[in-house]
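K.L.:
The sequence shown begins at 2 in our numbering and counts up by one. This is the structure I want to talk about, given as structure tokens.
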Amino acid sequence: MADTDVYAEFRDAVNMTAGELKKWLGTEESKTVGQRSSPGAEPVGHHSGRKIIGILGKKRTELTEADEQHMRRVVGYVHRHTAQRPDGDVADSRWRRSLMNWGHDPLKK
């Protein structure tokens, strides 16, 4: 079961629903950003997004230690990258697409 603080931080960082994230990950745009372990491999953030969908689909009591580790990784990524917001319109930026792969849409209220 997830630590209360990690769970709350994760729920704050991930502002997309599982359905929104799944739809986003199905787009070609979502695959245009992020580091890859090798040429042609799935981007790291894209893979993370699929894990996030799995976590969002679980009850809190069903979360594993591996889920909690990934939740911590997501929180760290979202916090680091939101702090690096570029100037200007970010609606169609690589920065926003990368964050969305990690379940966070910076334009979502």
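Note that CB positions come from ideal geometry on N, CA and C, so glycine has one too. Given the structure is predicted, the values throughout are model-derived calculations rather than measurements.
1) Between which two residues does the alpha helix (DSSP H) carrying Q1 extend?
2) Buried or exposed for L100, going by 16 or more other Cβ atoms inside 10 Å?
3) Taking E21 as part of the alpha helix (DSSP H), name the residues at either end of that continuous run.
4) Grouping DSSP H, G and I as helix and E and B as strand, with all else coil, what is L100?
5) How about the region 37–46 and the region 79–97: do they share at least three Cβ pairs that are nearer than 8 Å?
6) By alpha-carbon positions, which one of A42, T83, S49 ends up nearest to K23?
7) Find out if the Cβ-Cβ distance for the pair R86, W96 is shorter than 8 Å.
8) On the CB-based measure, 16 or more other CB atoms within 10 Å of its CB, does G20 come out buried or exposed?
9) Are the CB atoms of V7 and I53 nearer to each other than 8 Å?
10) Can you give the Cα-Cα distance for I56 and V45, rounded to whole angstroms?
P.N.:
Let's see:
1) With the chain running from 2 to 110 in the structure shown, residue 1 is simply not present.
2) What you label residue 100 is simply residue 99 of the sequence shown in a count that begins at 1. Label assigned to L100: buried.
3) Position 20 of the sequence shown, counting from 1, holds the residue named residue 21. That run of the alpha helix (DSSP H) goes 19–26.
4) The residue you call residue 100 lines up with position 99 of the sequence shown. DSSP places L100 within a helical segment (H, G or I) once states are collapsed to three.
5) By the C-beta criterion, the region 37–46 is judged not to be in contact with the region 79–97, since fewer than 3 inter-stretch pairs fall below 8 Å.
6) For the purposes of this step, residue 23 is taken as residue 22 along the sequence shown, with counting starting at 1. Measuring from the Cα of K23, the nearest candidate turns out to be S49.
7) Within the sequence shown, numbered from 1, the residue matching residue 86 stands at position 85. Within the sequence shown, numbered from 1, the residue matching residue 96 stands at position 95. When the beta-carbon positions are compared, R86 and W96 come within less than 8 Å of each other.
8) Sequence index remark: in the sequence shown, residue 20 carries index 19 (1-based). That one is exposed.
9) On the sequence shown, position 6 is the one that residue 7 refers to. On the sequence shown, position 52 is the one that residue 53 refers to. With respect to the 8 Å criterion, V7 and I53 are not classified as neighbours on the basis of their beta carbons.
10) As a position in the sequence shown, residue 56 is number 55, starting the count at 1. As a position in the sequence shown, residue 45 is number 44, starting the count at 1. Here the alpha carbon of I56 sits roughly 17 Å from the alpha carbon of V45.
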